[in-house]
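Please read the structure below before turning to the comments.
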Amino acid sequence: MPNKPIYLSLSQQSGFEHEYVQRALETNWITSGGPNVNEFENVLENYLSEQSFVTALNSGTSAIHLALILLGVEAEDEVICQSLTFSASANPILYQGAIPVFVDSELDTWNICPQQLEIAIKDRIEKGKKPKAIITVHLYGNPYKIDEIHSIADKYNIPIIEDSAEALGSSYKGKKCGTFGTFGILSFNGNKIITTSSGGALITTSKKIKEKAIFYATQSKDEAIHYQHSEVGYNYRMSNICAGVGLGQIQILEKNVLARRENHSFYKEVFKEIKSVKLFEVLNEDYYSNYWLNTILIEPNREKEIDCESLRIAFKNQNIETRPLWKPMHLQPVFEKHPYYGNQIAQDIFEKGLCLPSGSNLTIEDKNRIKEVIKTFFN
Ligand SMILES: *Cc1c(COP(=O)(O)O)cnc(C)c1O
């Protein structure tokens, strides 16, 4: 009998989802917006911080798009973006007809590099255009160098859109990821730490901006009896059914974070003796990661046929899913003509890296099978 599959990151139900979805169906709130949406926003606001205003949307991607719109990003404007990320961080820049400027990572957090960021800002200003925004990412749930990056952004007075899609539950110096930027965004896609099946959220610090976000997300309807529009609108609001799933899911957020952090401890133990592998770990106790995905760098050894691709295949032969890291955006055909500032760090991480199964529902048997593959492969 073939082994049961072990996936990279699977969603897990709390059991409370049905109740909220049922309530939506029974009260006939089957639309975008509604009581579940408002309640989901309240729960998130309480969770994140006192100053957070949350707008629930249909995806993390639309949250980034709305953040750019709310910052006034228009055609030909330049927006800096971390290169090592999922394409959804950068695509909305193109939706606006703006120009992405990609910046390399540093090795401590794998996120946007402070030195390269400042070089990029100075050079773009020198070339005649000050970047309109900076999109930073907490990759795989690991906070970026928040103090350094934000002080550079403040120095040049450029707002930050904090892509916290992978980092709900992570924090830096005790403050939750998603609450540092002018805007923060979350994703509730199926593979994230909690899901609404598909969904996202925009985090801001003012009620007025939240109202404006809802205005754009619901087709920019002016105040009139008939439908009147003086601005371009979008259909980006979260559905009341999805928010019901979210209300059930958020009850197990902390449990999921702890389970994923336990996976991290498991990998730490497994890789302790393996010199050619470096498990990603946060730099120090200022950084609290949800370890959404556990990632490793493998020093290739041609003689012994050790590299990340051969390990991936060894896992695959046991029906265990692993995946290469995000391929940097400046190396993607769709973005390759756009400017890039860096020293190939992101590319190096990409070429040596692998994401390991990290779901909050990994069982002891799953972990034993994973451990077996690793032990056999490296022996
Ligand atoms: C998942 C993800 C997004 C996009 O979220 P969706 O809800 O799938 O649109 C954005 N950025 C990063 C880094 C992600 O991992």
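The sequence shown begins at 1328 in my numbering and counts up one residue at a time.
Every residue, glycine too, gets a C-beta built ideally from N, C-alpha and C.
None of these values were measured; they are calculated from a predicted model.
**Request:** Can you say whether Lys1516 is buried or exposed, counting buried as having 16 or more other CB atoms within 10 angstroms of its CB?
**Result:** Locating residue 1516 in the sequence shown gives position 189, counting from the first residue. Here residue 1516 turns out to be Asn, not Lys, going by the sequence shown. Per the 10 Å Cβ criterion, buried.
**Asked** Where does Leu1580 land, buried or exposed, given buried means 16+ other C-beta within 10 angstroms?
**Response** Stepping through the sequence shown from its first residue, residue 1580 is reached at position 253. With 16 or more other Cβ atoms inside 10 Å of its own Cβ, Leu1580 counts as buried.
**Asked** Just to confirm, are Phe1367 and Lys1534 a CB contact at a threshold of 8 Å?
**Response** Taking the sequence shown and counting its residues from 1, one reaches residue 1367 at position 40. Taking the sequence shown and counting its residues from 1, one reaches residue 1534 at position 207. For Phe1367 and Lys1534, no; Cβs fall outside 8 Å.
**Prompt:** Comparing alpha-carbon positions, which option in Gly1511, Glu1405 and Val1559 lies nearest Ala1544?
**Reply:** Stepping through the sequence shown from its first residue, residue 1544 is reached at position 217. Here the closest residue by C-alpha is Val1559.
**Item:** Buried/exposed call for Val1584, threshold 16 Cβ in 10 Å
**Value:** If you number the sequence shown from 1, residue 1584 lands on position 257. With 16 or more other Cβ atoms within 10 Å, it is buried.
**Asked** Alpha carbon to alpha carbon, how far is Ala1480 from Gln1645?
**Response** Within the sequence shown, numbered from 1, the residue matching residue 1480 stands at position 153. Within the sequence shown, numbered from 1, the residue matching residue 1645 stands at position 318. Between Ala1480 and Gln1645, the C-alpha separation is close to 46 Å.
**Request:** Would you give the residue range spanned by the alpha helix (DSSP H) that Gln1443 belongs to?
**Result:** Locating residue 1443 in the sequence shown gives position 116, counting from the first residue. Boundaries of the alpha helix (DSSP H) harbouring Gln1443: Pro1441 to Glu1453, taken from the DSSP string.
**Request:** Identify every run of the alpha helix (DSSP H) within the region 1555-1634, keeping only runs that are complete inside it and at least 4 residues long; order them along the chain.
**Result:** 1567-1576 and 1580-1598
**Prompt:** Per DSSP, Val1464 is paired with what?
**Reply:** Residue 1464 sits at position 137 when you count from the first residue of the sequence shown. Beta-bridge pairing links Val1464 to Asp1490.
**Asked** Out of curiosity, what's the CA-to-CA distance linking Pro1470 and Tyr1615?
**Response** Translated into positions along the sequence shown, residue 1470 becomes position 143. Translated into positions along the sequence shown, residue 1615 becomes position 288. Rounded to whole angstroms, Pro1470 to Tyr1615 spans 7 Å at the Cα level.
**Message:** If the criterion is Cβ atoms closer than 8 Å, does the pair Phe1598 and Ile1623 meet it?
**Reply:** If you number the sequence shown from 1, residue 1598 lands on position 271. If you number the sequence shown from 1, residue 1623 lands on position 296. The answer is yes: Cβ separation under 8 Å.
**Short Cβ contact (8 Å threshold) for Ile1461 with Ala1394** = On the sequence shown, position 134 is the one that residue 1461 refers to. On the sequence shown, position 67 is the one that residue 1394 refers to. Contact: no.
**Message:** If contact is defined by three or more beta carbon pairs under 8 Å, each pair taking one atom from either stretch, is the region 1356-1370 in contact with the region 1415-1431?
**Reply:** no
**Prompt:** With DSSP run on the structure shown, which of helix, strand or coil describes Phe1380?
**Reply:** Position 53 of the sequence shown, counted from the first residue, corresponds to residue 1380. Strand at Phe1380.
**Prompt:** Around the C-beta of Val1661, are 16 or more other C-beta atoms found within 10 angstroms, so that it is buried, or is it exposed?
**Reply:** Here residue 1661 is taken as the residue at index 334 of the sequence shown, counted from 1. Exposed: under 16 other Cβ atoms inside 10 Å.
**Prompt:** I think Ala1390 touches Ile1552, with their Cβ atoms under 8 Å apart; what is that distance to the nearest whole Å?
**Reply:** Along the sequence shown, one-based indexing puts residue 1390 at 63. Along the sequence shown, one-based indexing puts residue 1552 at 225. Going by Cβ atoms, the distance from Ala1390 to Ile1552 rounds to 31 Å, so no, they are not a contact pair.
**Prompt:** Got a sec? Which residues, its chain only, sit under 8 Å from Phe1607 by beta carbon, not counting five neighbours each side?
**Reply:** Translated into positions along the sequence shown, residue 1607 becomes position 280. Cβ within range, chain order: Trp1437, Tyr1467, Asn1469, Asn1621, Thr1622, Ile1623 and Leu1624.
**Asked** Any contact of the region 1497-1513 with the region 1341-1358, i.e. 3+ C-beta pairs under 8 Å?
**Response** no
**Message:** Whether or not the region 1637-1655 and the region 1524-1538 are in contact is what I'm after, with contact meaning three or more pairs of Cβ atoms, one per stretch, closer than 8 Å; do they touch?
**Reply:** no
**Prompt:** Can we count Thr1412 as close to ligand 1, meaning its CB is less than 7 Å from some heavy atom?
**Reply:** Taking the sequence shown and counting its residues from 1, the one referred to as residue 1412 is at position 85. Within the cutoff, so yes.
**Item:** Assigned secondary structure, Ile1521 (DSSP; H/G/I helix, E/B strand, else coil)
**Value:** On the sequence shown, residue 1521 is found 194 positions in, with the first residue counted as 1. Residue state, collapsed to three classes: coil.
**Request:** Answer yes if the region 1403-1415 comes into contact with the region 1453-1460, meaning at least three C-beta pairs across the two stretches below 8 Å, and no otherwise.
**Result:** yes
**Item:** Element boundaries [beta strand (DSSP E), containing Phe1515]
**Value:** Within the sequence shown, residue 1515 is the residue found at index 188, counting from 1. Following the DSSP letters along the chain, one finds Phe1515 in no beta strand (DSSP E), marked with neither H nor E.
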